[in-house]
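So that you can map any letter, position 115 of the sequence shown is 115 in UniProt numbering, and since no number is skipped, the others follow by simple counting. Every residue, glycine too, gets a C-beta built ideally from N, C-alpha and C. Everything below concerns the one structure shown next.
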Amino acid sequence: MFTEELFSKSARSNLRKDLSFANAIVEATNNVYDKDSNPRGVLNLGVAVNKLQEDIVLDKLNSINAVTKKDLDYGDPIGSTELRHNIMSIINRHFRPHLPVTIDDLIVVNGLTSGLDKLASVLCDPGDAILIPSPCYSSFNLDFSLESKANVQLVKIPLIKFHDPGHVSYYKS
1 MFTEELFSKS ARSNLRKDLS FANAIVEATN NVYDKDSNPR GVLNLGVAVN
51 KLQEDIVLDK LNSINAVTKK DLDYGDPIGS TELRHNIMSI INRHFRPHLP
101 VTIDDLIVVN GLTSGLDKLA SVLCDPGDAI LIPSPCYSSF NLDFSLESKA
151 NVQLVKIPLI KFHDPGHVSY YKS
């Protein structure tokens with residue numbers, strides 16, 4: 001059996017003592033909503049996984065899934081050129097940023113946790129604070145602190161004000 005003493009100091013500093021969020025996730029995972037087999041189940045809105053469109057996504061992926069030899073090799077560590085080009089096109093077309101996004105502006109990682117960890121390790125020193133509007137994803141504190149040891153400071157914003165430009169005033173207090 002593994003104990004904390006086997007881990008490095010760095011790894012131990014990432015272990016959470018308050019696991020109430022994890023208990024809630026386990027509880028939700030053991031009672032997952034399904035329109036046919038468990039219509040009274042839990043739909044966990046605290047994670048990025050979209051269970052409501054699962055069937056649509058599976059059907060689409062299965063209809064276009066063509067694996068090539070290229071897919072079996074190591075990819076570009078910042079994401080394939082094709083993927084970054086497609087993301088760039090979507091961002092520029094749908095969000096129309098003031099300065100167009102270029103392919104060199106983009107790095108693709110394997111998930112939100114990896115991306116936030118990398119972002120914080122580049123922007124933050126240990127102990128720096130990152131302001132996050134609350135309510136929010138329950139694991140931001142872990143995601144931002146893995147490598148950088150940054151701290152998340154939750155800023156309570158009423159839901160009705162979340163998309164109002166005036167919500168910036170909540171960060172000043």
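For V122, the uninterrupted alpha helix (DSSP H) run begins and ends at L112 to L123, by DSSP. In this structure, the CA atom of N23 is about 40 Å from the CA atom of H85. S139 has its alpha-carbon roughly 14 Å from the corresponding atom of V26. Between the alpha carbons of I130 and D55 lies a gap of roughly 36 Å. Between I107 and I78, the gap from beta carbon to beta carbon is short of 8 Å. Distance from the CA of D105 to the CA of K51, rounded to the nearest whole angstrom, comes to 31 Å. One thing to note: V152 has its Cβ within 8 Å of the Cβ of F144. For N30 and N44, the gap between their C-alpha atoms comes out near 11 Å.
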